[in-house]
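*Asks:*
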Amino acid sequence: MQRRVFVLSKNRKPLMPCSPARARQLLKERKASVYRQEPFTIILQKRTEGDLQKVQLKFDPGSKITGIALVVFFQKGTVVTWAAELEHRGEKIVDLLSKRRAIRRSRRNRKTRYRPPRFCNRTRKKGWIAPSLKSKVDNIFNWTKKLLAYTPIDNLCVETNRFDTQKLQNPEISGVEYQQGTLFGYEIREYLLYKWNHQCVYCDAKNVALEIDHIHPRSKGGSNRVSNLTISCRKCNENKGNSDIHDFLNKDNKRLQKIVSYSKKTLRDAASINTTRYVIGNQLKKLGIDVGFASGGKTKANRRHNGFNKQHWIDAACAGESGENVTISQDLIPLGIRSQGRGSRQMCRVDQFGFPRTTAKSQKRAKGFQTGDIVKAVVTKGKKKGVYVGRVAVRSNGYFNIKTNNSTVQGISYRYCHLIQQVDGYFYFQKGDARLKKPSCSCFAHSRPSGDSSPTYRSRGILATN
235 MQRRVFVLSK NRKPLMPCSP ARARQLLKER KASVYRQEPF TIILQKRTEG
285 DLQKVQLKFD PGSKITGIAL VVFFQKGTVV TWAAELEHRG EKIVDLLSKR
335 RAIRRSRRNR KTRYRPPRFC NRTRKKGWIA PSLKSKVDNI FNWTKKLLAY
385 TPIDNLCVET NRFDTQKLQN PEISGVEYQQ GTLFGYEIRE YLLYKWNHQC
435 VYCDAKNVAL EIDHIHPRSK GGSNRVSNLT ISCRKCNENK GNSDIHDFLN
485 KDNKRLQKIV SYSKKTLRDA ASINTTRYVI GNQLKKLGID VGFASGGKTK
535 ANRRHNGFNK QHWIDAACAG ESGENVTISQ DLIPLGIRSQ GRGSRQMCRV
585 DQFGFPRTTA KSQKRAKGFQ TGDIVKAVVT KGKKKGVYVG RVAVRSNGYF
635 NIKTNNSTVQ GISYRYCHLI QQVDGYFYFQ KGDARLKKPS CSCFAHSRPS
685 GDSSPTYRSR GILATN
């Protein structure tokens with residue numbers, strides 16, 4: 235069973251998804267037409283209603299990737315009919331905000347028009363979260379609205395996790411130790427000197443001026459946590475710069491292993507999950523549909539019980555009570571969705587000195603097209619004769635660039651282009667490497683879900699070893 239095709243009635247009301255073979259038959263007989271390319275949706279020409287089954291939409295929110303699964307409750311069992319993995323752009327938003335902050339600070343230091351200070355008149359609304367996390371919440375909210383328009387969903391299920399960040403660093407912590415941080419009784423510099431034996435960690439130099447250095451550079455996502463700090467002499471600090479420690483000490487594995495063993499894993503992902511675990515559910519409740527919550531421990535138990543491998547969309551399918559005996563086809567390939575945004579507010583490009591190197595951009599649309607639209611260009615003559623399908627980059631002169639799966643074709647006239655799907659801020663691709671892996675244990679047998687004849691793998695109540 236491949237990923238199902240969404241079906242809309244003549245009145246644009248969502249019906250039960252159908253198989254790709256059934257969709258091809260309807261399109262061939264002209265009983266339906268293509269409504270949307272991604273996710274692929276057809277609209278019927280005459281039919282207005284149909285039989286509906288119970289459908290549940292499940293989410294497994296992660297710090298960088300969120301798993302999505304549509305589960306249908308047939309009479310013979312619970313089956314996953316559609317799945318996707320949504321990749322967020324939180325790191326990109328952090329980089330853009332840092333770049334904007336640097337440009338604004340540079341502008342204030344130049345001889346420009348005076349702007350009054352605005353450091354004490356900005357307040358944050360109740361429930362404020364960081365823009366990078368707000369982007370993740372908005373992505374999940376937007377895709378819930380999309381799927382509600384294409385599928386008759388009855389309720390939602392969201393996995394929630396709560397990480398004890400101090401327990402992650404020290405598994406034996408308890409009681410009053412929670413109130414005593416790592417620096418209890420120390421200053422930061424004194425603590426680092428004591429921790430690293432008053433010597434440079436890169437060259438073992440002693441009795442020299444030592445400086446605080448970040449093991450994982452701040453410019454590459456490192457934090458100011460004490461576990462990410464070390465001490466080094468000025469020469470080693472300058473030689474390392476903003477290089478990653480694995481690149482700087484690639485020829486000294488022994489020293490590298492020593493420093494890595496003393497440091498600890500970053501807790502950014504855990505902090506992201508803790509911050510948004512209830513914000514996502516509260517946003518989804520605004521849609522007026524029942525929202526249920528499931529624990530991460532229950533999801534893990536269901537996944538091991540069913541013998542499934544670890545994937546974000548598989549975790550979403552195994553979330554909640556309905557994930558205990560869920561059926562997933564081995565042929566099901568999840569849809570990859572990458573959040574890309576809808577463009578940039580920057581008016582022109584600048585050179586290495588900060589001076590404009592291009593003219594100010596004009597309107598977003600040119601000749602009826604916008605950058606990011608999916609188009610089909612049928613070129614009938616010239617050196618570029620052929621058919622091209624892909625994303626378009628518009629130019630004001632009417633000659634566009636089309637990025638296909640294999641290459642980028644430049645200088646295609648807008649007269650040859652036909653719009654297939656407007657830009658929606660996301661990039662779509664097939665995640666063949668994220669499909670369900672065949673269980674190696676002999677206790678898993680084939681079974682056939684309702685309405686499909688392809689082989690699937692289900693557990694028979696025996697705990698999997700993986």
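Counting in the working numbering, the sequence shown runs from 235 upward without gaps.
Cβ coordinates follow ideal geometry from the N, Cα and C atoms, glycine included.
#1: Spatial neighbours of A679 within its chain, please: C-beta separation below 6 Å, excluding the five flanking residues on both sides.
#2: Does the beta carbon of N516 come closer than 9 Å to any beta carbon on chain C?
#3: Quick test of your reading: L261 and I276, contact by CB under 8 Å. State the CB separation rounded to the nearest angstrom.
#4: Candidates G515, L330, H450 and K454: which alpha carbon is nearest V371's?
#5: Whose C-beta lies closer than 8 Å to the C-beta of Y420 among residues of the same chain, with five residues either side of it excluded?
#6: DSSP has T642 in a bridge; who is on the other side?
#7: Can you have a look at E411 and say buried or exposed, based on whether 16 or more other CB atoms are within 10 angstroms of its CB?
#8: Taking only heavy atoms of the ligand NAD into account, decide whether any of them is closer than 8 Å to the Cβ of Q271.
#9: Look up Q491 in the DSSP assignment and say whether it is helix, strand or coil.
#10: For S466, name the three-state secondary structure that DSSP assigns.
#11: Could you spell out where the alpha helix (DSSP H) holding L483 opens and where it closes?
#12: Between which two residues does the beta strand (DSSP E) carrying A443 extend?
#13: Is DSSP giving E321 helix, strand or coil here?
#14: Return the CA-CA distance between R423 and N476, expressed in angstroms with no decimal places.
#15: Assign E263 to one of two classes, buried (16 or more other C-beta atoms within 10 Å of its C-beta) or exposed (fewer than that).
#16: Whole angstroms is fine: what's the gap from T561's alpha carbon to G522's?
#17: For the beta strand (DSSP E) containing S722, name the first residue and the last one.
#18: In whole angstroms, give me the CA-to-CA distance for Q279 and C252.
#19: Exposed or buried, which one is S453 when buried takes at least 16 other CB atoms within 10 Å?
#20: Is the separation between the beta-carbon of K485 and that of C437 shorter than 9 Å?
#21: For the beta strand (DSSP E) containing H652, name the first residue and the last one.
#22: Please report how far the alpha carbon of G301 lies from the alpha carbon of K617, in whole angstroms.
#23: With which residues is S297 paired in a DSSP beta bridge?
#24: Which residues bound the beta strand (DSSP E) around T385?
#25: To the nearest angstrom, report how far apart R246 and L483 are at their CA atoms.
#26: Got a sec, what are the start and stop residues for the beta strand (DSSP E) V392 sits in?
#27: When you compare only the Cα positions, how much space is there between G645 and K610?
#28: Mind checking which residues open and close the alpha helix (DSSP H) that includes R256?
#29: Relative to the C-alpha of V626, which candidate in G620, K619, H652 and H450 has its C-alpha closest?
#30: For L473 and D481, I'd like the C-alpha separation in whole angstroms.
#31: State the Cα-Cα distance for the pair Q586 and L331, rounded to the nearest angstrom.
#32: With the cut-off set at 9 Å, would you say R270 and F240 are in Cβ contact?
#33: Would you check if the stretch 311-330 and the stretch 561-571 touch, i.e. whether three or more CB-CB distances between them fall below 8 Å?
#34: Quick check on G531: does DSSP put it in helix, strand or coil?
#35: Taking the alpha carbon of V289 as the point to measure from, which residue in S556, R599 and L670 has its own alpha carbon closest?
#36: Shortest alpha-carbon distance to A550 belongs to which of R238, A255, D478 and V314?
*Replies:* If we stick to the structure as given:
#1: At A679 the pLDDT is 34, less than 50, meaning the model places this residue with poor confidence; the figure from the coordinates comes in the next sentence. When the five nearest sequence neighbours on each side are left out, no beta carbon in the same chain lies closer than 6 Å to the beta carbon of A679.
#2: In summary, chain C is missing from the structure at hand, where a single protein chain is found.
#3: About 7 Å; that satisfies the 8 Å criterion.
#4: With distances taken between CA atoms, V371 lies nearest to G515 out of G515, L330, H450 and K454.
#5: In this prediction, Y420 has a pLDDT of 48, which is less than 50 and means its spatial position is unreliable; what the coordinates show is noted afterwards. Excluding sequence neighbours, Y420 sits near Y428.
#6: Its beta-bridge partners are K637.
#7: Any reading at E411 is ruled out, since the residue's pLDDT is 48, under 50, leaving its predicted position unreliable.
#8: With respect to the ligand NAD, the structure offers nothing, as it holds no ligand at all.
#9: Here Q491 carries a helix assignment [DSSP, helix/strand/coil].
#10: For S466, the secondary structure class from DSSP, reduced to helix, strand or coil, is strand.
#11: No alpha helix (DSSP H) contains L483, which DSSP labels as neither H nor E.
#12: Segment: none, A443 is in no beta strand (DSSP E) and carries neither H nor E.
#13: Strand at E321.
#14: Their Cα atoms are separated by approximately 21 Å.
#15: Classification of E263: exposed, given that the 10 Å Cβ count is below 16.
#16: Distance between the alpha carbons of T561 and G522: 28 Å.
#17: Because the chain in this structure spans residues 235 to 700, residue 722 falls outside the shown range and cannot be described.
#18: Roughly 16 Å separates the two Cα atoms.
#19: Label assigned to S453: exposed.
#20: The answer is no: Cβ separation not under 9 Å.
#21: Annotation for H652: the continuous beta strand (DSSP E) segment containing it runs C651 to Q655.
#22: Roughly 44 Å separates the two Cα atoms.
#23: Paired residue(s): none; S297 is not in a bridge.
#24: It is not in any beta strand (DSSP E) - T385 carries neither H nor E in the DSSP assignment.
#25: Straight through space, the alpha carbons of L483 and R246 are spaced by roughly 60 Å.
#26: In the DSSP annotation of this structure, the continuous segment of the beta strand (DSSP E) that includes V392 starts and ends at N389 to T394.
#27: The alpha-carbon of G645 is positioned some 14 Å away from that of K610.
#28: Here the alpha helix (DSSP H) through R256 covers P254 to K262.
#29: Of G620, K619, H652 and H450, the residue nearest in Cα terms is H652.
#30: A quick correction: the sequence has Asn, not Leu, at residue 473. Roughly 12 Å separates the two Cα atoms.
#31: Within the model, the alpha-carbon separation for Q586 versus L331 is close to 19 Å.
#32: Contact check for R270 against F240 passes: the beta carbons are separated by less than 9 Å.
#33: By the criterion of at least three beta-carbon pairs nearer than 8 Å, the stretch 561-571 is in contact with the stretch 311-330.
#34: Look at G531 here: in three-state DSSP terms it is helix.
#35: Considering only alpha carbons, the answer is S556.
#36: By alpha-carbon distance to A550, the top candidate from R238, A255, D478 and V314 is V314.
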